[in-house]
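Residue numbers (our numbering): 98 to 199.
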């Protein structure tokens with residue numbers, strides 16, 4: 098596989114790949130991304146659906162926004178969040194398939 102040969106990428110790519118896996122390394126962030134892959138949600142909706150505090154959800158969304166995995170838009174007084182990168186959802190789906198195999 099040509100893509101997996103180190104000559105095909107530089108140190109910046111290696112760092113970005115490392116940071117991507119680091120960001121996906123938290124179960125709460127995975128749960129949030131899974132929810133947002135299916136629907137746009139406000140913080141309180143995410144908190145209710147995942148049985149988390151709004152503070153915990155906001156903290157994780159801040160991290161996901163920093164990595165540009167989620168985007169938001171304002172609707173009235175609510176901020177509605179959705180996935181911003183289909184590549185991340187695909188990567189997450191592959192990881193879940195891998196982890197689910199026996």
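Ideal placement from N, C-alpha and C gives every residue a C-beta, glycine not left out.
Note that the structure is a prediction, hence the values are computed from the model and not measured.
Reference residue 191; option with closest CA among 140, 169, 118 and 144: Within the chain shown, the letter at position 94 stands for residue 191. Among 140, 169, 118 and 144, the Cα nearest to that of residue 191 belongs to 118.
Would residue 185 pass as a contact of residue 111 if the rule is Cβ separation under 8 Å? Residue 185 sits at position 88 when you count from the first residue of the chain shown. Residue 111 sits at position 14 when you count from the first residue of the chain shown. In this structure, residue 185 sits away from residue 111, with a CB-CB distance that is not shorter than 8 Å.
Endpoints, beta strand (DSSP E) assigned at residue 171: By 1-based counting over the chain shown, the position of residue 171 is 74. That run of the beta strand (DSSP E) goes 167-172.
On the DSSP letters alone, give me the boundaries of the alpha helix (DSSP H) that residue 132 sits inside. If you number the chain shown from 1, residue 132 lands on position 35. Residues 124-135.
Quick one: give me the first and last residue of the alpha helix (DSSP H) that residue 164 is part of. Here residue 164 refers to the residue found at position 67 of the chain shown. Run containing residue 164: none; DSSP gives neither H nor E here.
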